[in-house]
Amino acid sequence: MTLGMPVGAVMNSADNSGAKNLYIIAVRGIKGRLNRLPAAAPGDMIVATVKKGKPELRKKVMPAVVVRQRKAWRRRDGVFLYFEDNAGGSAITGPVAKECADLWPRIASASGTVV
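So the sequence shown is numbered by the working numbering: it starts at 2 and just counts up by one.
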């Protein structure tokens, strides 16, 4: 899968926690290489800070899961898929990528639709 969001990317919050924008500071499970930024794709767990939102949530480090990305990626069946925004969160509302729904069943059950 194409890794569409490197460290430093800002994405929308897709949950009802009160956060608006999330800033990626780390990607869980990435070993990496010298001078290469870790990047995330739908289904990846990230560590993020809240840039816009409720004052009690801002400047806090929190885990989140990437559920949508703008960068197109190719599925095994040959279909190229992309969303209109980059989004992530923990208690997800709205559409979710199938790759994310397969890895995180709790997110899939709470989401609006699985694409």
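C-beta atoms are modelled at their ideal positions from N, C-alpha and C, and glycine is treated no differently.
Going by alpha carbons, who is nearest to residue i out of the options?
i      : options                           : result
Ile-26 : Ala-40, Ser-18, Asp-78 and Gly-44 : Ala-40
Glu-85 : Ile-93, Ala-73 and Asp-78         : Ala-73
Lys-52 : Lys-32, Arg-75, Ser-91 and Val-11 : Val-11
Lys-61 : Val-67, Gln-70, Val-48 and Arg-71 : Val-48
Pro-64 : Phe-81, Val-80, Met-46 and Arg-75 : Met-46
Kindly indicate the opening and closing residues of the beta strand (DSSP E) around residue i.
i      : result
Pro-64 : 62 to 69
Ala-88 : 88 to 90
Lys-52 : 46 to 54
Where do the N-terminal and C-terminal ends of the alpha helix (DSSP H) with residue i fall, by residue?
i       : result
Ser-14  : Looking at the DSSP string, Ser-14 is not in any alpha helix (DSSP H); the run it does join, the beta strand (DSSP E), is 11 to 14.
Asp-103 : 99 to 104
Who does residue i pair with in a DSSP beta bridge?
i      : result
Ile-26 : Its beta-bridge partners do not exist; DSSP assigns none.
Leu-4  : Note: Leu-4 sits in no beta bridge, so no partner.
How many angstroms separate the CA atom of residue i from the CA atom of residue j?
i      : j      : result
Leu-58 : Arg-77 : 38 Å
Arg-69 : Ala-88 : 5 Å
Pro-7  : Pro-56 : 26 Å
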